[in-house]
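Each remark here refers to the structure printed beneath this line.
In the working numbering, the protein residues as written are 4 to 116.
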(Lines of atoms letter the chains of each structure in order from A and count residues from 1; the text may use other names and numbers.)
(Lines give C-alpha, C1' and ligand atoms only; values in the text may rest on other atoms or scores of the structure.)
Protein backbone atom coordinates (compact mmCIF):
# COMPACT_ATOMS: atom_id res chain seq x y z
CA UNK A 1 0.00 0.00 0.00
CA UNK A 2 1.57 3.33 -0.97
CA UNK A 3 1.25 6.51 1.08
CA UNK A 4 -1.62 7.82 -1.07
CA UNK A 5 -3.84 4.82 -0.30
CA UNK A 6 -2.99 4.30 3.37
CA UNK A 7 -5.79 5.22 5.76
CA UNK A 8 -5.17 8.65 7.24
CA UNK A 9 -5.67 9.74 10.81
CA UNK A 10 -9.01 11.60 10.92
CA UNK A 11 -10.59 13.48 13.81
CA UNK A 12 -13.96 15.13 14.33
CA UNK A 13 -13.58 18.89 14.76
CA UNK A 14 -16.45 21.11 15.88
CA UNK A 15 -16.18 24.84 15.25
CA UNK A 16 -18.37 27.20 17.30
CA UNK A 17 -19.48 30.10 15.10
CA UNK A 18 -21.74 33.09 15.64
CA UNK A 19 -25.33 31.92 15.22
CA UNK A 20 -28.34 33.75 13.74
CA UNK A 21 -29.08 35.43 17.09
CA UNK A 22 -25.42 36.33 17.78
CA UNK A 23 -24.87 39.63 19.57
CA UNK A 24 -21.77 40.88 21.33
CA UNK A 25 -21.58 40.64 24.21
CA UNK A 26 -23.80 37.58 24.47
CA UNK A 27 -26.75 38.03 26.84
CA UNK A 28 -25.82 34.83 28.64
CA UNK A 29 -26.57 34.08 32.22
CA UNK A 30 -23.89 32.53 34.38
CA UNK A 31 -25.99 29.33 34.33
CA UNK A 32 -25.88 29.30 30.51
CA UNK A 33 -22.11 29.79 30.45
CA UNK A 34 -21.64 27.13 33.13
CA UNK A 35 -23.81 24.66 31.16
CA UNK A 36 -21.80 25.36 27.98
CA UNK A 37 -18.50 24.67 29.73
CA UNK A 38 -19.92 21.66 31.60
CA UNK A 39 -20.91 19.97 28.31
CA UNK A 40 -17.36 20.23 26.99
CA UNK A 41 -15.90 19.17 30.34
CA UNK A 42 -18.14 16.08 30.37
CA UNK A 43 -16.96 15.17 26.86
CA UNK A 44 -13.38 15.51 28.08
CA UNK A 45 -14.08 13.49 31.24
CA UNK A 46 -15.73 10.76 29.15
CA UNK A 47 -12.61 10.44 26.99
CA UNK A 48 -14.24 11.72 23.80
CA UNK A 49 -12.65 15.16 23.59
CA UNK A 50 -8.93 15.84 23.17
CA UNK A 51 -9.04 19.60 23.65
CA UNK A 52 -11.26 22.65 23.18
CA UNK A 53 -10.80 26.39 23.36
CA UNK A 54 -11.29 29.79 21.82
CA UNK A 55 -10.02 30.90 18.44
CA UNK A 56 -8.75 34.47 18.30
CA UNK A 57 -10.38 36.68 15.73
CA UNK A 58 -12.96 39.37 15.11
CA UNK A 59 -15.72 37.41 16.85
CA UNK A 60 -15.44 34.96 19.69
CA UNK A 61 -15.33 31.48 18.24
CA UNK A 62 -14.24 28.12 19.57
CA UNK A 63 -12.96 24.81 18.34
CA UNK A 64 -13.16 21.30 19.77
CA UNK A 65 -10.97 18.40 18.66
CA UNK A 66 -12.23 14.86 19.27
CA UNK A 67 -10.52 11.48 19.35
CA UNK A 68 -10.48 9.28 16.25
CA UNK A 69 -13.49 7.00 15.82
CA UNK A 70 -15.62 9.04 18.22
CA UNK A 71 -19.38 8.45 17.93
CA UNK A 72 -20.26 11.65 16.08
CA UNK A 73 -24.00 11.24 16.65
CA UNK A 74 -23.47 10.98 20.42
CA UNK A 75 -21.32 14.12 20.34
CA UNK A 76 -23.96 15.95 18.25
CA UNK A 77 -26.73 15.08 20.70
CA UNK A 78 -24.76 16.55 23.58
CA UNK A 79 -23.47 19.66 21.84
CA UNK A 80 -26.77 20.45 20.10
CA UNK A 81 -28.47 20.54 23.53
CA UNK A 82 -26.28 23.49 24.60
CA UNK A 83 -28.59 26.40 25.41
CA UNK A 84 -26.28 28.75 23.48
CA UNK A 85 -27.02 26.61 20.41
CA UNK A 86 -30.75 26.13 21.01
CA UNK A 87 -31.19 29.90 21.44
CA UNK A 88 -29.26 30.56 18.23
CA UNK A 89 -26.40 32.50 19.83
CA UNK A 90 -23.85 30.09 18.39
CA UNK A 91 -23.97 27.54 15.59
CA UNK A 92 -21.87 24.42 15.28
CA UNK A 93 -19.93 23.39 12.19
CA UNK A 94 -19.04 19.68 12.29
CA UNK A 95 -16.02 18.78 10.18
CA UNK A 96 -13.59 15.89 9.74
CA UNK A 97 -9.91 16.78 9.90
CA UNK A 98 -7.80 14.41 7.85
CA UNK A 99 -4.16 14.74 8.86
CA UNK A 100 -1.96 14.86 5.78
CA UNK A 101 1.30 15.29 7.67
CA UNK A 102 2.26 14.59 11.23
CA UNK A 103 0.13 12.81 13.78
CA UNK A 104 -1.49 13.35 17.14
CA UNK A 105 -0.12 9.98 18.28
CA UNK A 106 2.35 10.73 21.02
CA UNK A 107 0.38 13.71 22.31
CA UNK A 108 -0.66 13.44 25.94
CA UNK A 109 -4.29 12.34 26.19
CA UNK A 110 -4.33 10.83 22.71
CA UNK A 111 -4.19 7.05 22.39
CA UNK A 112 -0.59 6.08 21.79
CA UNK A 113 0.52 9.29 23.53
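Don't be surprised by glycine CBs; every beta carbon is placed ideally from N, CA and C.
Counted as a single uninterrupted DSSP element, the alpha helix (DSSP H) harbouring residue 40 occupies residues 33-48. Between the alpha carbons of residue 68 and residue 17 lies a distance of about 7 Å. In its chain, beyond the 5 residues on either side, 85 and 87 have a beta carbon closer than 7 Å to the beta carbon of residue 39. Membership of residue 51 in any beta strand (DSSP E) is not indicated, and neither H nor E is assigned to it by DSSP. Rounded to whole angstroms, residue 34 and residue 59 show a C-alpha spacing of 24 Å. If the five residues before and after residue 71 are omitted, its C-beta is found closer than 7 Å to the C-beta atoms of 12, 13 and 14, all from its own chain and listed in chain order. Unbroken beta strand (DSSP E) runs of no fewer than 3 residues, entirely contained in the segment 60-114, are found at 64-69 and 93-101, following chain order. Judged by pairs of C-beta atoms under 8 Å, the segment 88-104 does not touch the segment 44-58, as fewer than three such pairs exist. Annotation: the continuous beta strand (DSSP E) that includes residue 21 extends over 13-21.
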